[in-house]
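In my numbering, the protein residues as written are 3 to 605. Where is the CB? At the ideal position from N, CA and C, for every residue including glycine. Predicted model, so just to flag it, every value in this text is computed and none were measured. The structure appears right after this line, and notes come after that.
So, in structure tokens, the structure goes:
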């Protein structure tokens, strides 16, 4: 710290609740500065490339979504923090061939599926004495995760979520910060993975933990007594609580998103924090689509953002719980009128496969659509656990991109099969366990088959598909596993062999490759590369630190060995988003559109 520190090295500065000190991370060590006299104290001294205090390694940041790795106590006397020991994690070396006369490597500590993880532990440090105490959690810290940690309200205790390596067992521990002793508050085991809980907090005067779990088949809201461990369900009914928006203790209300009738939409609901009444929908019926809210601390007001697939976002200030309009902030009416003028239109639908799976989808048709004609089909796909593509909300980027492709002469379609994080219950989401890429590709192919049977205007002999990242993997799956149904595709930054991706993500859905080698093989697109019949355009950034360029090169070798011709574009030093460098985004999308134009005109 101090005046000589480079600003770029300072992270996560936070003033303590008493406003006497500020703490921050610099070069993997924790510091605290007295705001009155400017005296700086270094709280940890072992920070290095491999000992990481107060922040995280690559895989924790990517898969658990955390970077800020320390928390002030309520009295401002202690700091709780994570420490990761990455000394056993191997470097993946990326190579830069273009930015100097001689190439050089860029090492990234990256644990691939089945390989060694960082060891993770939680400690506390007294800012006066500098004493560090480590929380006494049993088990190998390299084969367990601590993805969330907070002070347990004003109880003086520390709370953290603990997952086993397979992510099939979740334990919530309460810890004494000055002794390190821990006690178990909650434990849950499932046959498939358990999600990290972001919507956890301490309520009822810090006597209960507010919790979310799908252990009963749907995401439900619970309160757990810190004294007895008794667990009370705040929701009934066969639907998911999608996300907790706000807990308002003063009114005993928890606001959350749900959509019991339509998994592509989102509405605000309110439930009693003590379970005194059944949940009620707050969003009025006229707002059919996707609704998001930013609720004031006292729960009296909220900014309401609404959109639907053909309706740009509108923002209003409303009063809760009656949803009375206070002020309309934006309507986006000029954009809405412009979209109507250019024929911007998407249709939402559901279709049932021969296997009896009902999947949701959207479709957009050419501007001068004629149902008596045959149109080539282009699918946009993701269909992995991290995201959905079928949502009844306005998409100003890909929505416009796919409309442009439709006006070239395509019917563009997207469907969400099993395994996507749609609010359709645990069975829908976790049916892909240890079958990632297999079940979802069956649903994609089943949806195509059902749509062609239903709509005569879809040309079964001209079917394409494209996707990015997991969607790139699914594009390969469809071209390789169903080569007679899919005739061309663009795969951007795909995982081609599941062994090449990171521990936390891949093992969550597949288990360990050492224990399930055959499953990893069957679920990897590259295994079926020799089945390719159609035309493939493979795109990847050589500087991708997420899905390594290794994936593309490995697939290229398999395709070459199988005698398969394909198109290939490698963007030097671009990351997973392939956006760095002048003209890159335009070049990428023009290349894709050019490929789709060729297929459109192919006889």
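Exposed unless 16 or more other CB atoms sit within 10 angstroms - verdict on residue i
i	result
residue 591	exposed
residue 87	buried
residue 329	exposed
residue 387	buried
residue 108	exposed
residue 256	buried
residue 299	exposed
residue 455	exposed
residue 133	exposed
residue 174	buried
residue 19	exposed
residue 327	exposed
When the options are compared against residue i, the one with the closest alpha-carbon
i	options	result
residue 185	138, 23 and 279	138
residue 460	506, 377, 108 and 571	377
residue 357	420, 399, 311 and 320	420
residue 10	29, 80, 23 and 438	29
residue 243	216, 226 and 156	216
residue 45	38, 51, 53 and 34	34
residue 166	141, 564 and 345	141
residue 467	518, 309 and 407	407
residue 206	154, 536 and 577	154
residue 187	194, 195 and 177	177
residue 375	203, 457, 365 and 38	457
residue 423	280, 389 and 439	389
residue 158	196, 195, 239 and 76	76
residue 500	463, 556, 152 and 367	556
For residue j and residue i, believed in contact at Cβ under 8 Å, the rounded distance
i	j	result
residue 124	residue 72	Wrong, their Cβ atoms sit about 10 Å apart, outside the cutoff.
residue 379	residue 417	Not really, about 12 Å apart at Cβ, beyond 8 Å.
residue 228	residue 249	That belief does not hold up - the Cβ atoms of residue 228 and residue 249 are roughly 16 Å apart, past 8 Å.
residue 273	residue 236	5 Å
residue 572	residue 531	Actually they do not touch by this definition, with Cβ atoms about 18 Å apart.
residue 469	residue 528	The Cβ separation is near 16 Å, so there is no contact.
residue 436	residue 512	6 Å
residue 208	residue 156	6 Å
residue 37	residue 24	6 Å
Beta carbon of residue i nearer than 9 Å to that of residue j
i	j	result
residue 258	residue 211	no
residue 127	residue 182	no
residue 284	residue 323	yes
residue 558	residue 534	no
residue 549	residue 497	yes
residue 370	residue 348	no
residue 602	residue 480	no
residue 508	residue 115	yes
residue 465	residue 598	no
residue 505	residue 119	yes
residue 545	residue 490	no
residue 57	residue 14	yes
residue 171	residue 192	yes
residue 113	residue 198	no
residue 396	residue 265	no
residue 448	residue 333	no
residue 295	residue 425	no
Straight-line Cα distance separating residue j from residue i
i	j	result
residue 32	residue 147	21 Å
residue 514	residue 104	38 Å
residue 251	residue 16	25 Å
residue 516	residue 543	29 Å
residue 40	residue 22	10 Å
residue 260	residue 551	39 Å
residue 246	residue 267	16 Å
residue 92	residue 65	18 Å
residue 190	residue 432	16 Å
residue 48	residue 588	45 Å
residue 361	residue 478	21 Å
residue 405	residue 414	8 Å
residue 473	residue 495	9 Å
residue 74	residue 583	40 Å
residue 585	residue 306	36 Å
residue 106	residue 94	13 Å
residue 331	residue 304	12 Å
residue 286	residue 308	11 Å
residue 581	residue 574	11 Å
residue 400	residue 78	46 Å
residue 336	residue 316	12 Å
residue 502	residue 277	46 Å
residue 522	residue 462	31 Å
9 Å Cβ cutoff, residue i in contact with chain C
i	result
residue 451	Any reference to chain C falls outside this structure, which holds one protein chain only.
Any non-hydrogen atom of the ligand PLP within 8 Å of residue i CB
i	result
residue 521	As for the ligand PLP, it is missing from this structure, which has no ligand bound.
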